[in-house]
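Chains as they are written, first to last, in the numbering used here: chain A, 1 to 297; chain B, 298 to 594; chain C, 595 to 891; chain D, 892 to 1188.
Number of protein chains: 4
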Amino acid sequence: MIAGAGKVGGLDAADLNYPDHFTAHDPANLAWLLADQGMALNGLAMRYYTDPGFAIGAFTNPDPKTRRDAIDLTKSGLDALAEMGGTLMTLWMGQDGFDYSFQVDYARMWDDTVAAIAEVADHNPALDIAIEYKPNEPRAYALMPDIGTTLLAVKEAGRRNTGVTLDFAHVLYADEMPAHAAHLVARHSRLLGVHLNDGYGKRDDGLMVGSVHPVQTVELFVELDRIGYDGVIYFDTFPDHGGLSPVEEARTNLLMADRLRAVAETLRGNSALAAAIARQDAAISQRIVANALYGKS
Amino acid sequence: MIAGAGKVGGLDAADLNYPDHFTAHDPANLAWLLADQGMALNGLAMRYYTDPGFAIGAFTNPDPKTRRDAIDLTKSGLDALAEMGGTLMTLWMGQDGFDYSFQVDYARMWDDTVAAIAEVADHNPALDIAIEYKPNEPRAYALMPDIGTTLLAVKEAGRRNTGVTLDFAHVLYADEMPAHAAHLVARHSRLLGVHLNDGYGKRDDGLMVGSVHPVQTVELFVELDRIGYDGVIYFDTFPDHGGLSPVEEARTNLLMADRLRAVAETLRGNSALAAAIARQDAAISQRIVANALYGKS
Amino acid sequence: MIAGAGKVGGLDAADLNYPDHFTAHDPANLAWLLADQGMALNGLAMRYYTDPGFAIGAFTNPDPKTRRDAIDLTKSGLDALAEMGGTLMTLWMGQDGFDYSFQVDYARMWDDTVAAIAEVADHNPALDIAIEYKPNEPRAYALMPDIGTTLLAVKEAGRRNTGVTLDFAHVLYADEMPAHAAHLVARHSRLLGVHLNDGYGKRDDGLMVGSVHPVQTVELFVELDRIGYDGVIYFDTFPDHGGLSPVEEARTNLLMADRLRAVAETLRGNSALAAAIARQDAAISQRIVANALYGKS
Amino acid sequence: MIAGAGKVGGLDAADLNYPDHFTAHDPANLAWLLADQGMALNGLAMRYYTDPGFAIGAFTNPDPKTRRDAIDLTKSGLDALAEMGGTLMTLWMGQDGFDYSFQVDYARMWDDTVAAIAEVADHNPALDIAIEYKPNEPRAYALMPDIGTTLLAVKEAGRRNTGVTLDFAHVLYADEMPAHAAHLVARHSRLLGVHLNDGYGKRDDGLMVGSVHPVQTVELFVELDRIGYDGVIYFDTFPDHGGLSPVEEARTNLLMADRLRAVAETLRGNSALAAAIARQDAAISQRIVANALYGKS
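Structure below.
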C-alpha cells in the first residue's frame, strides 16, 4: 500500500491506522517503509472497529473494562506514534453513539467521552489529539456528530494538545459549510488536520476533490490561509467504491487540489471580492470567483 | 417586473404566473408589455396557492367542487396562454400531497391526478402541459415528488401534449443527478422546460446558476444537447432570499449559464471523454472535464 | 386568534410575536385579551422578517445602522414583554446566515451575534433570552443551525439570563435526538422553552405532537423531568399547511402530549428500563417502552 | 445461523443469500437445515458484492463479460432457488449506479438493466423476480433509487414474473411514505416482498420494527391488507450495529410487528376513520389511530 502511494508522485506524507496497520509490522519497520518512498508520517488514526467489543462504544462503552481497553489501546497507539517520530493522533469515535431512544444514558456518555479525551491527551502532552467528527455510522447517531458538539467536548476536556480534524465530506454531510466550520475550529480550538474529498452531502461519499463542490473547496482554502493552517492536506477518498485505480484517482486529487489552491491564492487580497463580501453581495462575489476559477468571460 | 427583466440584457423570454399576474392586466396587455421589452412569452405557470381552498389539494382536493375549480382555473389559464400566443403551461402540484399517515386515500388521489392531467391536456391539444415536480412544500410529501413518479403519472395520463419540466434545485433536493433525470424524461416522455438554478440538495434553495454544482450543470447541458432539447432555459432563482439585486443576480445567472454551456460544447465529440465514460473511469473523466472548465493545468 | 386559542380548552399560556402582534394592540390591551381567555403570557418571540431590511441579517446585518435597528427592535420587544409581566423572549435568528460561499465574513458575523446577544441580555437582566435554532430558512445556512453552535455562542456571550429553546421539529431537522439535545442544553446552559410538534426530519414540518415520533417524544419528556424543566410546553404546529381546523388540531396536540407525558411518568423509576439502558440493551428497553405505550402484549 | 433463527420462536421462514450462503452447503443441504428448524424458505437474495469485478456494476457493468457473469450468476441462483422449492428471488442492484457526473452513460445503463431483468425473468417463468430499491450504497447514486424509477424499469421489462420488494428503511431513506409506495407497487406492478424494520430516514438504519415510526408502520399494514398482500414479512434489521443479541432483537421485532398488525386490524372498517380520511381531516384521524394504538384516553 505504501509502495502504491509512492507511485502516485506528489504525495509526501501518509497516515497509518492503529492497530490494523501494525499487526504485521512494528513502528520502526513502518517508518522505514515510508522513508523509502520519500514520504513522511503525517500521523496515526485509531480504528476501534477492529474489536467487536467496541460495537457499542469505545470511550463510552457501558462495560468499564471494555472502556478501559479502548483508552489503553489509544495510549498504545500514541506510544507507536511517538516511536515513529509522528505528532498527530486522529480519533474518529464512530462507535460512541446510539441507535434508539431509550438506549443510552446521554449524561454518562458525555462524561466518559470528556474524561477519556483528557486522559489520552495527558498520556503524552507532546503529541496532538484531533477529534474527527461524522454525523453517524456505524451508529445511527454519533455523540459528537458535528462541529458544535465536537468543540463543546474538546473545550470541556480543556487540554492544550487537543483539537479538531475536518473531513470535507463529513462536514457536508453534517450540513455545514466547510469554511464556516474551519473558522469555528480556529476560534474555539485548534485545527489539526484537513481531510479533503467531496460528496453530495447525503452520506460520507469520499469522492475525488472538487468533483462536486469546487467553489466551496476554494473558499475552504482561503479560510485555511486566513487562519494560518499549515498542516497536511490529506486525501480521504474511496477509489474502490467506483472501481477506480487508486494511483490514477490520487493523481486526479492532487491535480484538483493544486488547481483549486492556486485559485484561492489569486483571490487573496482581492479588494473587490472583499468589498462584495463586506456587503454580502453574492451576485458580484460569484462573478469574481467564477473569473478566477474559469478565466475571464 | 417585466421592465426590470428587460434591464438585465440577454433575457429574451419570460414566464408569467396564472392567475396572480393576470389580476391587474389582461393577456393582451401583458403580451404587449413583454414585446415592448423585446421578450417573448415562454409560457405560463399555474399558481394554485393563491386560493386558500386549495390548501389540501388542487387536482386531488377531497371536495369535488374545489377540485373542479382547480381544473377550471387551469383551463382559464390555458385560454389566457393561447390568447397570448404561448404554447407551454407548467403545473407544479405543490398542494397535491399529504402531511400525515392516515390523512389521505392514495389511490383516489392518484386517480384524480391522472384524470385531471388528461382533462386539461384535452382542453386544447395545441398547448403543451409540463409537470414540474418537487419533493415537498407546502405539503410534507408531494404525491409526485420525483422524476419516477412524475413519469408514471404522465405516461398513465397518455396524452401527447404532456411532459415534464426539470428544476435543477428540485432535482437535487429529490436526490437525483440532473443529467440522469433529463435522460429519463427523454426516454419516457418529453422534456418541455428546464429551470436552471442551484442548491445544496437539502431544500429548494433557488441559488444562482453554477454557484454549487458547476460540473453537474455542465453534464446537464451535455445531456440536453444529446436529447435535442431546444426549449428555453429559465432562471428560477430567489434573489430576495439573500437580499440580492434582481438585475445583478440575473446577470450573474446569464454569465454563468453561458460559460458552462460553452464548456459543454467543447466536450461534445471529445473521444477521450467518451472512452473514459464507456469504461466508467471517473479518475480520467474528471481530469478532462476539469481541463475544459478551468483551463489546462 | 387569542379567542380561538381560548376555545380549545386546556391551553393555559400563549406566545405572542413582536412586533407583528403589537401593530394593532398595545401590550396592556394584549395582556387583557389573554387574561380574558384565562391564559397567561408565556413570552414573546421576535420576528425580524417583517422588515425587508433584515433580509441579509438582523444581529449580523452588514449595514451597521440596520444591525442597530435589529438590536433596538429587540429591546423594544423586551420592554413590551416586561410591561405585560412576561419573562421569556425567544429569538430565532433565521436571517442571520448565508446562502453562498464567498458571501459573508464568518468571523465578523459570529462576533456580531455574540455581542448582540450580550447587549440585549443586559438590557433587562430580569428577563430571559432564549435562542431557538433551526438549520436553515430563509437563508440556506443558519449561523447557529444546531444545538452545538448555539451553545457555543450562548456560552461565549456569558450572560446568566440567556439560554436555549428547543423546537422538536427543528431538532429532528438538525439530525439530533431530542433527549440528547435537551441533555446538552441542561449541561452547558439553561433550557428556557420547549416547542413541541413533529416532523419527518427533512424540513421544518410543524406536524401534530406524536404523529411521527411518539417514542422519541416520550424520551424527551423523561429527559425534561430528569433535568427539572418546569417551563411551558408550547405547540408550534402549522394547522394551515394541511388545511386543518386550528381548534381541532390544538385539541389533538393536547391529547397526545398529555398521553405521552403520562407514559413518560410511568417509566420514571422503572429499574428494568434503567438496567437495560445501563448496558445499552435496546432489544429489552424497546419492549419495556412498548408495553408502557401500547399496553402489555 | 439457521439454528439461531430457530431459537427465536415465531420465525417461520427465512431468506438466504446467493452465492455467499451456498459456498459451504449445497441447496439440498440448506433446505434440510431449514426444515429441521421448522422454517420454510421465503426465497433467495442475490449478493453481487462478493465479486470485486462487480464494483462498477452487475447488470450494467461496462465490461460485457463481467455483465454476462452477473446475469449467469443470477441464473445459477434461480436454479438453486428452484432446487430448494422456493419461488422468490430478490435483486438489490446496489452496484448498478454512479458516483460522479461524467462517469456513466445513463442510456446504456438503463437499456442494460431492463434487458437483464427480462433475461433473468425468462430463465424460469415459474419463479418471481423482485427488485428491491435503495437510494444509494455502495454507489453514491443508484440507477433505480426509488419506487418511481423501479416501477418504470419493471414495466419496461414487461415480464409477468417480476415485481418489487419494499424495505421499510429504504423507503424512508428515499423520502417516501411506506403506504404510498405500497399503493404505487400494487397499481403498477406486483408487491412480492416486504422487509420490515425502521430508521430515521437519513440512511439505511435497519432498526427494530416500530422503534421510530409506529404510526407509519400501522398504516403500511392497513395498506398491505387493502392490496391483498399475502407474502412474507421479513425482518431486515442489523442487530450487530447496536451490539444487540440477534435472538432478543428478533423477539422484539416479532412482538412489535404482531402488536402493530393487530392495531391495523382494529382499524379495518372503522367508518369514522374512513370519513376523516375522505375529507383529509388529520386532526381527527390522528386521534382515532392514537386511541387504537395507545388505548382510549
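Note that the Cβ used here is the ideal one computed from N, Cα and C, for glycine as well.
The structure presented is a predicted model; accordingly, all values stated were derived computationally and were not measured.
The alpha helix (DSSP H) spanning residue i covers which residue range?
i, result
"D/Gly1039", "Ile1038 to Ala1048"
"B/Ala476", "Pro475 to His485"
"B/Glu416", "Tyr403 to His420"
"D/Phe1112", "Pro1105 to Arg1117"
"A/Ala5", "Ile2 to Val8"
"B/Ala579", "Ala579 to Tyr591"
"C/Ala649", "No alpha helix (DSSP H) contains C/Ala649, which DSSP labels as neither H nor E."
"D/Ser1136", "That residue, D/Ser1136, is in no alpha helix (DSSP H); it is neither H nor E in DSSP."
Under DSSP, the beta strand (DSSP E) around residue i begins and ends at which residues?
i, result
"C/Val758", "Thr756 to Asp761"
"A/Met89", "Leu88 to Leu91"
"D/Glu1023", "Asp1019 to Glu1023"
Per DSSP, which residues does residue i bridge with? Please list them.
i, result
"D/Asn908", "D/Ala936"
"A/Tyr234", "A/His195"
"B/Phe395", "B/Tyr438"
"C/Leu801", "C/Asp792"
"D/Ala931", "D/Ala904"
Got a sec: is the Cβ-Cβ distance from residue i to anything in chain A below 7 angstroms?
i, result
"B/Tyr470", "no"
"B/Leu541", "yes"
"D/His1132", "yes"
"D/Asp1096", "yes"
"B/Leu514", "Correcting the residue type first, residue 514 of chain B is Thr in the shown sequence and not Leu. No, B/Thr514 does not count as interfacial toward chain A."
"C/Arg873", "yes"
"B/Ala580", "yes"
"B/Arg556", "yes"
"D/Ser967", "no"
Is there a Cβ from chain B that is less than 7 angstroms from the Cβ of residue i?
i, result
"C/Ile741", "no"
"D/Tyr888", "Here chain D has residues from 892 to 1188 only, and residue 888 of chain D is not among them."
"A/Gln37", "no"
"D/Pro943", "no"
Can you tell me the Cβ-Cβ gap for residue i and residue j, rounded? I've got them flagged as a contact below 8 angstroms.
i, j, result
"B/Gln400", "D/Ile1168", "7 angstroms"
"A/Leu44", "A/Ala14", "Between A/Ala14 and A/Leu44 the Cβ distance is about 10 angstroms, and since that is not below 8 angstroms, they are no contact."
"A/Tyr234", "B/Gly498", "Actually they are not in contact, since the Cβ atoms of A/Tyr234 and B/Gly498 sit about 25 angstroms apart, beyond 8 angstroms."
"D/Leu1111", "D/Ala1163", "The Cβ separation is near 21 angstroms, so there is no contact."
"C/Tyr700", "C/Pro729", "So it is not a contact: roughly 17 angstroms between Cβ atoms."
"D/His832", "D/Leu1042", "Outside the modelled stretch of chain D, which goes from 892 to 1188, sits residue 832 of chain D, for which no answer is possible."
Give a yes or no on whether the minimum CB-CB distance between residue i and chain C is below 7 angstroms.
i, result
"B/Ala571", "no"
"D/Glu1140", "yes"
"A/Pro135", "yes"
"D/Met1099", "yes"
"B/Ala437", "yes"
"A/Ile117", "no"
"A/Ser271", "no"
Give a yes or no on whether the C-beta atoms belonging to residue i and residue j are separated by under 7 angstroms.
i, j, result
"B/Asp309", "B/Arg344", "no"
"C/Pro732", "C/Gly688", "yes"
"D/Val1154", "D/Val1109", "yes"
"D/Glu1139", "C/Ala877", "yes"
"A/Thr66", "A/Gly53", "yes"
"A/Gly148", "C/Thr743", "yes"
"A/Thr165", "A/Val154", "no"
"C/Asn885", "C/Asp830", "no"
"D/Asp1003", "D/Thr951", "yes"
"B/Ala352", "C/Gly598", "no"
So that I know if they touch, is there some Cβ in chain D lying closer than 7 angstroms to that of residue i?
i, result
"C/Glu859", "no"
"C/Gly795", "yes"
"B/His467", "no"
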